[in-house]
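Q:
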Amino acid sequence: MPDTWLARSTGTTPTGALARSVDWASTPIGPPRSWPRDLRAAVRICFSTEFPVFVAWGPERTMIYNEGYSRMLGTTKHPGAMGAQMADVWADIWDSVGPLVDTVTSTGRSLFFEDMRLLTDRSGFAEEASFTFSYSALLDDRDGVAGMLCIVGETTDRVVASRRFETLGTLSTSLHRVKLDIELSAKVAADVLRESPDVTHAEVHLCTPSGLAPLLSTHPEPDGAVAGTGPVPHAVLERVCTSRVAERFGTTLVAPVSAVLGDAPIGVVALTGNPLRPDDEAQQLFLHLVAASLGNALAVAIAHQKQVDDLQTVSSALQAAMLPEDPGSPGWHTRYRPADDRLAVGGDWYDVVPLGSGRFGLVVGDCVGHGLRAAAVMGQLRSAARALLLQDLAPAATLDGLDRFAATLPGAECASVVCAVVDERARTVTYSKAGHPPPLVLSGTGSRWLEDGTGTLLGLAPHPRPEATATFERGETLVLYTDGLIERRGEGLDDGLARLARIAVATVAQRPVDQLGDLLIGTMLDVGARDDVALVVYEAR
1 MPDTWLARST
11 GTTPTGALAR
21 SVDWASTPIG
31 PPRSWPRDLR
41 AAVRICFSTE
51 FPVFVAWGPE
61 RTMIYNEGYS
71 RMLGTTKHPG
81 AMGAQMADVW
91 ADIWDSVGPL
101 VDTVTSTGRS
111 LFFEDMRLLT
121 DRSGFAEEAS
131 FTFSYSALLD
141 DRDGVAGMLC
151 IVGETTDRVV
161 ASRRFETLGT
171 LSTSLHRVKL
181 DIELSAKVAA
191 DVLRESPDVT
201 HAEVHLCTPS
211 GLAPLLSTHP
221 EPDGAVAGTG
231 PVPHAVLERV
241 CTSRVAERFG
251 TTLVAPVSAV
261 LGDAPIGVVA
271 LTGNPLRPDD
281 EAQQLFLHLV
291 AASLGNALAV
301 AIAHQKQVDD
311 LQTVSSALQA
321 AMLPEDPGSP
331 GWHTRYRPAD
341 DRLAVGGDWY
351 DVVPLGSGRF
361 GLVVGDCVGH
371 GLRAAAVMGQ
381 LRSAARALLL
391 QDLAPAATLD
401 GLDRFAATLP
411 GAECASVVCA
421 VVDERARTVT
431 YSKAGHPPPL
441 VLSGTGSRWL
451 EDGTGTLLGL
461 APHPRPEATA
471 TFERGETLVL
481 YTDGLIERRG
491 EGLDDGLARL
501 ARIAVATVAQ
511 RPVDQLGDLL
521 IGTMLDVGAR
531 DDVALVVYEA
541 R
């Protein structure tokens, strides 16, 4: 029969009954009837509260604990911990708590810790747990330290929930900063999840016509790898992507990513939780929230990219329609490079118009500005110039007509244009310039500029424009260009013209004329140059 005082002190809880059933006489602290007054007082305190409390008494630190504390011992330490030595019960974390116990029992000083993180095996697996607790010395009749009282509260759920909430917040904020960018979204998501202890592994695959394509993957460090984590079998990923129904692969959540509008599958997310926490409802909910946050961000970015691609396709098609087809006659070579590499055209333009009987109308121009607005103005000016040339107007008359047209077209004022008519049979070029750099003629002996026929920028001419005619010989090459080819920051226009003549002469002496345009653009332009360039080259044959 247990001692009467122990029966009264331990109450009616299952742990109280356990305390009464222990053969205390076989433990270092002996039978309850021999327990000193201070130990009895500590036991009464222990069992009088529902808050988790245990007593460790004597040099061996024999444990006595209440119902609240029994739940912290898990399924492997309770009930065997009752009457056992504290160092044996908590052998898995003794390196962490043993020195603290020694400090209390050797100095009599109390210690307090908040949210201490410990890795313990109390339910058959290595588990992360957090505790807020105090260790207080228990004194004997001679004021010596005879034992220790621990009042403890487990804070694991709160600590983990707070950490998971912080991960979700950081992930959401980071994805918002780079929204609409698929690659950046994947990168920042990987960075955030790689730092989270609650996501051991994450991977995202996108649906493509040729199958699933990996977009994002995080891997644990080699020394931190956990058995059972890692990439999900491809068949599982494909099945979830096709069925659009989330699955569990072991402790990994595999969830589909659907389009923003409609339910078309666009990818699949796989997330493995923290192996140091139970794979319970809370962890599964967290993984679902991560998958939703990541999936929504990627779905929006992919939808945006599709819209951009569709608009780019339409824009490029419209812009390409503004460019003339390459001349069908041999000897003509054209090149175009817009300042904005996202566009097919810019504010510069060119055209080569067959006029019959070996005659060709040429026009090369440069609108003020860049981008789509300049391209729209360019397209209208090019069309107007072609219409005027097809009326068999001379170059000066063509520019006079463009002056009148520019007065009706906002953004066309002050454009520079050179218009010319090449007569292959007569070996002549008749030209007129509206504020445009002079055409260049290359020959086997050097080069010359066509500097006559010069007038003001488009829309500024007060009188009929001048016109000039020059002859050229077989084997000579005519080069018309826009000023983007010759302008450089911190350099005068004459320097750019001299450089063009020097490079062009050296090039035609060594390379076929059909390579001249590409070589001039590649050689003349600085890296990162931001100006449109239009180029027309004619080789007299």
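So for the sequence shown, UniProt numbering puts the first residue at 1; every next one is plus one.
For every residue, glycine included, the Cβ atom is placed at its ideal position computed from N, Cα and C.
Would you report the Cα separation of residue 284 and residue 273, rounded to the nearest angstrom?
A: Walking along the sequence shown from the start, residue 284 turns up at place 284. Walking along the sequence shown from the start, residue 273 turns up at place 273. When rounded, the distance between both Cα atoms is 8 angstroms.
Q: Considering only the alpha carbon of each residue, which of 78, 218, 213 and 158 lies closest to residue 191?
A: As a first step, residue 191 must be located in the sequence shown, where it is residue number 191. Considering only alpha carbons, the answer is 218.
Q: Determine the direct distance from the alpha carbon of residue 151 to that of residue 136, and round the result to whole angstroms.
A: Indexing the sequence shown from 1 puts residue 136 at position 136. Indexing the sequence shown from 1 puts residue 151 at position 151. Spanning the two alpha carbons is a distance of roughly 8 angstroms.
Q: Tell me whether residue 47 sits in a helix, a strand or coil according to DSSP, three-state version.
A: The residue you call residue 47 lines up with position 47 of the sequence shown. In the structure shown, residue 47 sits in a helix (DSSP, three-state: H, G or I).
Q: When the Cβ atoms of the region 13 to 20 are set against those of the region 108 to 125, are three or more pairs found closer than 8 angstroms?
A: no
Q: According to DSSP, residue 432 sits in a beta bridge with which residue or residues?
A: As a first step, residue 432 is located in the sequence shown; it is residue number 432 there, counting from the start. In the DSSP output, where bridge partners are listed per residue, residue 432 has 419.
Q: Going by DSSP, what residue range makes up the beta strand (DSSP E) through residue 513?
A: Here residue 513 refers to the residue found at position 513 when the sequence shown is read from its first residue. Where residue 513 is concerned, there is no enclosing beta strand (DSSP E), given that its DSSP letter is neither H nor E.
Q: Under three-state DSSP, which class holds residue 85?
A: By 1-based counting over the sequence shown, the position of residue 85 is 85. Reduced to three states, the DSSP call for residue 85 is strand.
Q: Given a cut-off of 9 angstroms on the beta-carbon distance, is the pair residue 363 and residue 353 in contact?
A: Here the question's residue 363 lines up with position 363 in the sequence shown. Here the question's residue 353 lines up with position 353 in the sequence shown. Yes, they are a contact pair.
Q: Report the three-state DSSP secondary structure of residue 252 (helix, strand or coil).
A: Sequence index remark: in the sequence shown, residue 252 carries index 252 (1-based). Strand.
Q: To the nearest angstrom, how far is it from the Cα of residue 382 to the Cα of residue 496?
A: Sequence index remark: in the sequence shown, residue 382 carries index 382 (1-based). Sequence index remark: in the sequence shown, residue 496 carries index 496 (1-based). Roughly 26 angstroms separates the two Cα atoms.
Q: Excluding the five sequence neighbours on either side, which residues of its own chain have a C-beta within less than 7 angstroms of the C-beta of residue 205, listed in chain order?
A: Against the sequence shown, residue 205 aligns to sequence position 205. For residue 205, where only same-chain residues beyond five positions count, the Cβ hits under 7 angstroms are 212, 213, 214, 215, 237, 267 and 268.
Q: Could you compute how far the alpha carbon of residue 505 sits from the alpha carbon of residue 335?
A: The count along the sequence shown starts at 1 and reaches residue 505 at position 505. The count along the sequence shown starts at 1 and reaches residue 335 at position 335. About 18 angstroms.
Q: For residue 472, which of helix, strand or coil comes out of DSSP?
A: Within the sequence shown, the letter at position 472 stands for residue 472. Reduced to three states, the DSSP call for residue 472 is coil.
Q: Excluding the 5 residues preceding and the 5 following residue 388 in the sequence, name in chain order all residues of the same chain whose CB lies nearer than 6 angstroms to its CB.
A: On the sequence shown, residue 388 is found 388 positions in, with the first residue counted as 1. Apart from the 5 residues on each side of it in sequence, residue 388 sits with its Cβ closer than 6 angstroms to the Cβ of 398 and 401 in its chain, given in chain order.
Q: Using a Cβ distance threshold of 8 angstroms, determine whether the region 87 to 94 contacts the region 159 to 178, with at least three qualifying pairs required.
A: no
Q: Starting from residue 32, trace the beta strand (DSSP E) in both directions and tell me its first and last residue.
A: As a working note, residue 32 is residue 32 in the sequence shown. No beta strand (DSSP E) holds residue 32; DSSP gives it neither H nor E.
Q: Where does residue 70 land, buried or exposed, given buried means 16+ other C-beta within 10 angstroms?
A: Locating residue 70 in the sequence shown gives position 70, counting from the first residue. With 16 or more Cβ atoms within 10 Å of its Cβ, residue 70 is classed as buried.
Q: From this set, 500, 275, 39 and 474, which residue's C-alpha is nearest residue 484's C-alpha?
A: Residue numbering aside, residue 484 sits at position 484 when the sequence shown is read from its first letter. Of 500, 275, 39 and 474, the residue nearest in Cα terms is 500.
Q: In the structure shown, what three-state DSSP assignment does residue 110 receive?
A: Stepping through the sequence shown from its first residue, residue 110 is reached at position 110. Reduced to three states, the DSSP call for residue 110 is coil.
Q: Terminal residues of the continuous beta strand (DSSP E) containing residue 337?
A: Residue numbering aside, residue 337 sits at position 337 when the sequence shown is read from its first letter. Looking at the DSSP string, the run of the beta strand (DSSP E) that includes residue 337 is 332 to 337.
Q: Considering Cα atoms alone, identify which of 120, 422 and 33 is closest to residue 329.
A: Taking the sequence shown and counting its residues from 1, the one referred to as residue 329 is at position 329. The shortest Cα separation from residue 329 among 120, 422 and 33 belongs to 422.
Q: Tell me the residue span of the beta strand (DSSP E) that contains residue 424.
A: In the sequence shown, counting from the first residue as 1, residue 424 sits at position 424. Premise fails: residue 424 is in no beta strand (DSSP E) and is neither H nor E.
Q: Which residues does DSSP pair with residue 57 in a beta bridge?
A: Position 57 of the sequence shown, counted from the start, is the residue given in the question as residue 57. Answer is 62 and 147.
Q: What is the DSSP secondary structure of residue 394, reduced to helix, strand or coil?
A: The residue labelled residue 394 in the question sits at position 394 within the sequence shown. If DSSP states are grouped into helix, strand and coil, residue 394 belongs with coil.
Q: Who are the Cβ neighbours of residue 378 in its own chain at under 6 angstroms, not counting the five residues just before and after it?
A: Here residue 378 refers to the residue found at position 378 when the sequence shown is read from its first residue. 347, 349 and 367, listed in sequence order.
Q: Mapping the DSSP letters down to three states, classify residue 137 as helix, strand or coil.
A: Residue 137 sits at position 137 when you count from the first residue of the sequence shown. It is a strand residue.
Q: In whole angstroms, what separates the C-alpha of residue 454 from that of residue 394?
A: Position 454 of the sequence shown, counted from the start, is the residue given in the question as residue 454. Position 394 of the sequence shown, counted from the start, is the residue given in the question as residue 394. Taking the straight line from one Cα to the other gives about 15 angstroms.
Q: Taking only the alpha-carbon atoms, compute the straight-line gap between residue 95 and residue 277 and give it to the nearest angstrom.
A: By 1-based counting over the sequence shown, the position of residue 95 is 95. By 1-based counting over the sequence shown, the position of residue 277 is 277. Each residue's Cα considered, the two are about 21 angstroms apart.
Q: Output the distance between the C-alpha atoms of residue 436 and residue 303, rounded to the nearest integer angstrom.
A: By 1-based counting over the sequence shown, the position of residue 436 is 436. By 1-based counting over the sequence shown, the position of residue 303 is 303. Roughly 45 angstroms between the two C-alpha positions.
Q: Note down, in chain order, each residue of its chain lying with its Cβ closer than 7 angstroms to the Cβ of residue 74, except the 5 sequence neighbours on either side.
A: Here the question's residue 74 lines up with position 74 in the sequence shown. Within its own chain, the residues whose Cβ lies closer than 7 angstroms to the Cβ of residue 74, once the five positions on either side in sequence are excluded, are 122 and 123, listed in chain order.
Q: DSSP has residue 354 in a bridge; who is on the other side?
A: Reading the sequence shown from its first residue, position 354 is the one you call residue 354. 360.
Q: Measuring only between beta-carbons, confirm whether residue 523 sits less than 9 angstroms from chain B.
A: Any reference to chain B falls outside this structure, which holds one protein chain only.
Q: Alpha carbon to alpha carbon, how far is residue 29 from residue 35? Give it in angstroms, no decimals.
A: As a working mapping, residue 35 is identified with position 35 in the sequence shown. As a working mapping, residue 29 is identified with position 29 in the sequence shown. Straight-line Cα distance between these residues: approximately 7 angstroms.
Q: To the nearest angstrom, how far is it from the Cα of residue 229 to the Cα of residue 111?
A: For the purposes of this step, residue 229 is taken as residue 229 along the sequence shown, with counting starting at 1. For the purposes of this step, residue 111 is taken as residue 111 along the sequence shown, with counting starting at 1. In this prediction, residue 229 has a pLDDT of 40, which is less than 50 and means its spatial position is unreliable; what the coordinates show is noted afterwards. About 39 angstroms.
Q: Nearest to residue 15 by CA position, among 56, 187, 3 and 82, is which residue?
A: Counted from its first residue, the sequence shown places residue 15 at position 15. Checked all of 56, 187, 3 and 82; the closest Cα to residue 15 is 82.
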